[in-house]
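Below is one structure, written out as structure tokens; the observations come after it.
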Amino acid sequence: MATEGGGKEMNEIKTQFTTREGLYKLLPHSEYSRPNRVPFNSQGSNPVRVSFVNLNDQSGNGDRLCFNVGRELYFYIYKGVRKAADLSKPIDKRIYKGTQPTCHDFNHLTATAESVSLLVGFSAGQVQLIDPIKKETSKLFNEENSCQHLWKVDWNEERQNEGSKTSEEALVTVQRLIDKSRVTCVRWVPGSESLFLVAHSSGNMYLYNVEHTCGTTAPHYQLLKQGESFAVHTCKSKSTRNPLLKWTVGEGALNEFAFSPDGKFLACVSQDGFLRVFNFDSVELHGTMKSYFGGLLCVCWSPDGKYIVTGGEDDLVTVWSFVDCRVIARGHGHKSWVSVVAFDPYTTSVEEGDPMEFSGSDEDFQDLLHFGRDRANSTQSRLSKRNSTDSRPVSVTYRFGSVGQDTQLCLWDLTEDILFPHQPLSRARTHTNVMNATSPPAGSNGNSVTTPGNSVPPPLPRSNSLPHSAVSNAGSKSSVMDGAIASGVSKFATLSLHDRKERHHEKDHKRNHSMGHISSKSSDKLNLVTKNKTDPAKTLGTPLCPRMEDVPLLEPLICKKIAHERLTVLIFLEDCIVTACQEGFICTWGRPGKVVISHPPGSI
Numbered sequence: 001m002a003t004e005g006g007g008k009e010m011n012e013i014k015t016q017f018t019t020r021e022g023l024y025k026l027l028p029h030s031e032y033s034r035p036n037r038v039p040f041n042s043q044g045s046n047p048v049r050v051s052f053v054n055l056n057d058q059s060g061n062g063d064r065l066c067f068n069v070g071r072e073l074y075f076y077i078y079k080g081v082r083k084a085a086d087l088s089k090p091i092d093k094r095i096y097k098g099t100q101p102t103c104h105d106f107n108h109l110t111a112t113a114e115s116v117s118l119l120v121g122f123s124a125g126q127v128q129l130i131d132p133i134k135k136e137t138s139k140l141f142n143e144e145n146s147c148q149h150l151w152k153v154d155w156n157e158e159r160q161n162e163g164s165k166t167s168e169e170a171l172v173t174v175q176r177l178i179d180k181s182r183v184t185c186v187r188w189v190p191g192s193e194s195l196f197l198v199a200h201s202s203g204n205m206y207l208y209n210v211e212h213t214c215g216t217t218a219p220h221y222q223l224l225k226q227g228e229s230f231a232v233h234t235c236k237s238k239s240t241r242n243p244l245l246k247w248t249v250g251e252g253a254l255n256e257f258a259f260s261p262d263g264k265f266l267a268c269v270s271q272d273g274f275l276r277v278f279n280f281d282s283v284e285l286h287g288t289m290k291s292y293f294g295g296l297l298c299v300c301w302s303p304d305g306k307y308i309v310t311g312g313e314d315d316l317v318t319v320w321s322f323v324d325c326r327v328i329a330r331g332h333g334h335k336s337w338v339s340v341v342a343f344d345p346y347t348t349s350v351e352e353g354d355p356m357e358f359s360g361s362d363e364d365f366q367d368l369l370h371f372g373r374d375r376a377n378s379t380q381s382r383l384s385k386r387n388s389t390d391s392r393p394v395s396v397t398y399r400f401g402s403v404g405q406d407t408q409l410c411l412w413d414l415t416e417d418i419l420f421p422h423q424p425l426s427r428a429r430t431h432t433n434v435m436n437a438t439s440p441p442a443g444s445n446g447n448s449v450t451t452p453g454n455s456v457p458p459p460l461p462r463s464n465s466l467p468h469s470a471v472s473n474a475g476s477k478s479s480v481m482d483g484a485i486a487s488g489v490s491k492f493a494t495l496s497l498h499d500r501k502e503r504h505h506e507k508d509h510k511r512n513h514s515m516g517h518i519s520s521k522s523s524d525k526l527n528l529v530t531k532n533k534t535d536p537a538k539t540l541g542t543p544l545c546p547r548m549e550d551v552p553l554l555e556p557l558i559c560k561k562i563a564h565e566r567l568t569v570l571i572f573l574e575d576c577i578v579t580a581c582q583e584g585f586i587c588t589w590g591r592p593g594k595v596v597i598s599h600p601p602g603s604i
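Quick note: the sequence shown uses the UniProt record's numbering, first residue 1, plus one each step.
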């Protein structure tokens with residue numbers, strides 16, 4: 001762990017670091033930025049974000065990279081650790097007037113070598129759907145066609161290279177009828193070609209369908225469902241229009257959300273400091289957690305959907321169990337706000353030693369024999385944690401990382417002594433502090449799904465599906481998405497499965513976005529939104545927010561200063577780690593064995 005202090009060693013920018021796997025090394029030739037490589041003056045600008053997509057290009061160069069810097073948006077071929085980046089030839093470049101890009105997301109389901117759908121959210125509340133390959137501005141959401149020109153995409157301004165590919169100037173019109181606040185997060189709904197979800201700093205989320213238009217007047221809503229600190233409304237209209245749903249979650253900005261690996265659950269973090277996890281189909285609150293103090297800024301699911309990690313203004317990373325609905329650990333290593341957390345699916349492992357059950361391909365099995373561990377990720381097979389002769393779990397390690405405004409990258413290991421505190425340890429751990437570890441009762445808020453009679457999470461599932469106990473309990477609740485269409489909300493039936501493509505033959509999981517089983521309350525009560533709010537001041541010391549001494553405290557494996565400006569991106573790829581800072585530099589860190597090093601590596 002990095003030591004405190006302000007000496008020269010602490011302020012030095014690191015270009016390599018060592019973990020148990022070996023040496024990670026910064027690759028200067030694989031750095032992406034604006035073509036002129038001039039550091040961006042980041043004061044007052046929105047965070048730099050990065051999105052990846054693979055186009056399944058037969059040439060082998062199918063990876064594409066999108067990033068925003070200030071009011072500019074770039075789209076490049078990403079060559080990773082193989083070849084040097086060519087910044088002089090972006091596939092697409094856009095400069096916006098009057099608003100700035102804040103976030104973006106590719107539709108991986110529809111991406112081809114000839115076309116890709118990219119959603120872009122903006123600081124003034126707009127959402128744009130573009131195709132950076134065809135260079136088309138196809139649709140704009142949260143706008144009215146009859147208003148004045150408020151911003152434009154300009155291809156002729158600040159052209160650093162005459163040989164770069166450009167597009168014609170395109171003017172669009174904006175009148176933000178749905179939400180005027182900054183877009184904080186935008187994501188395609190997993191498995192869908194047309195549904196996407198948008199979060200705003202107003203604390204609202206909206207569900208859109210790209211095939212539907214937005215109205216020419218401000219939408220009118222009617223209450224669909226409400227619960228503790230959340231309410232969901234449908235759009236009241238004679239014809240189907242966007243938004244299809246409006247979620248109001250917590251108080252203050254909704255900073256980020258993330259879908260579970262199987263797409264069934266939605267984790268949201270807000271400025272009020274709460275993590276809220278919803279069943280996306282039934283609009284049920286599964287569980288909540290409160291930060292130690294301040295807002296929560298980022299969230300990520302483990303590759304198997306069993307754990308959620310958050311980061312925020314308390315300078316901590318917090319690990320929350322989806323099954324038990326409780327905090328199982330906190331990590332302290334950052335000296336400022338944590339801006340991004342992410343699991344590394346390629347280093348998450350089950351160590352050899354005990355016999356174990358295996359479910360996967362022959363290739364995966366050979367990898368297991370060769371390396372002594374399975375490199376798990378969100379789309380490949382899983383290893384069972386259970387011994388073949390008893391129920392004691394084998395040695396399991398989840399790897400996740402975090403970056404923050406302190407310009408530091410931290411890597412963490414979540415090991416079996418934290419995951420299973422009541423089980424005998426198979427070996428000593430050197431990087432986790434398990435003193436004073438306890439198991440507070442789960443499901444204290446009345447909305448949590450618990451596993452009866454068992455406070456220890458069940459074995460790692462062998463697929464991307466969530467634990468059967470949690471799913472079956474959630475399914476026993478009255479669903480607002482399945483069954484007969486209720487009176488007054490029939491328009492919501494347009495959210496049916498017609499535009500969805502099932503993944504991994506999950507025929508048992510159907511997106512049936514129709515309204516049913518709605519309580520037969522009077523219309524007056526339906527339209528009266530009364531939120532049962534939790535007093536944040538009274539949560540400390542409860543299962544919602546355990547005291548520091550009541551849960552294990554993790555220490556980072558490494559904690560390195562890797563940039564001059566605050567870090568805003570952390571993405572784990574198979575052969576590298578990608579980070580980005582607010583100056584607009586996107587850096588590639590080669591994994592051990594993936595890069596030829598000309599000199600003997602040394603530890604830092």
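Beta carbons are placed, not taken as given, at the ideal position from N, Cα and C, and that holds for glycine.
- P421 and S270 have their alpha carbons spaced roughly 30 Å apart.
- When C-alpha distances from L129 are compared across D272, V249, V210, the shortest belongs to V210.
- Judged by beta-carbon spacing, V249 lies beyond the 7 Å limit of C298, meaning their Cβ atoms are not closer than that value.
- DSSP lists A342, L411 as the bridge partner or partners of G401.
- Just so you know, the alpha carbons of K25 and S194 end up roughly 39 Å apart.
- Secondary-structure assignment with DSSP links E256 through a beta bridge to V269.
- Out of R64, E565, L573, the CA that lies nearest to the CA of P39 is found in E565.
- L55 is the residue among P303, G191, W188, L55 whose C-alpha sits nearest the C-alpha of T112.
- Between G80 and E21, the alpha-carbon positions lie close to 20 Å from each other.
- Partner residues in a beta bridge of C325, as assigned by DSSP, do not exist.
- Residue state for I308 is assigned as strand, using DSSP reduced to three classes.
- With 16 or more other CB atoms across the displayed protein chains lying within 10 angstroms of its CB, T347 is buried.
- Note that the C-beta distance between S181 and G125 is below 7 Å.
- Assignment of L296 by DSSP, reduced to helix, strand and coil, places it in the strand class.
- The alpha-carbon of E251 is positioned some 10 Å away from that of G295.
- Shown here, I571 sits in a strand according to DSSP, grouped into three states.
- Rounded to whole angstroms, the separation of the alpha carbons of L73 and W188 is 19 Å.
- The alpha-carbon separation between H334 and I418 amounts to approximately 20 Å.
- Sixteen is the threshold: when 16 or more other Cβ atoms of the shown chains lie within 10 Å of the Cβ of S282, as they do, the residue is buried.
- Put simply, of D550, K246, V69 the residue whose alpha carbon is nearest the alpha carbon of G203 is K246.
- The DSSP-derived three-state label of E416 is helix.
- Per DSSP, the unbroken beta strand (DSSP E) holding T234 starts and ends at 230-236.
- For the pair F196 and L207, the Cα-to-Cα distance works out to about 6 Å.
- For P101, the enclosing beta strand (DSSP E) stretches over residues 101-106.
- Taking C-beta atoms as the reference points, R71 and Y96 count as a pair closer than 7 Å.
- Taking the C-beta atoms as reference points, F259 is found no nearer than 7 Å to V277.
- Judged by DSSP secondary structure, C576 falls within the beta strand (DSSP E) whose first and last residues are 576-581.
- Check the Cα spacing between V198 and each of E284, R82, F122: the tightest is with F122.
- Excluding five sequence positions before and after I328, the CB atoms of its chain that fall closer than 8 Å to its own CB belong to Y307, V319, W320, S321, I418, L419, V551, P552, given in chain order.
- Looking at the DSSP output, M289 bridges to L275.
- A537 counts as exposed, since fewer than 16 other beta carbons sit within 10 angstroms of its beta carbon.
- E211 carries a coil assignment under DSSP once its states are collapsed to helix, strand and coil.
- Here the alpha carbon of R241 sits roughly 51 Å from the alpha carbon of K14.
- In the structure shown, A218 adopts coil according to DSSP, grouped into three states.
- In the DSSP assignment, C545 falls outside any beta strand (DSSP E), carrying neither H nor E.
- For S30, the three-state secondary structure derived from DSSP is helix.
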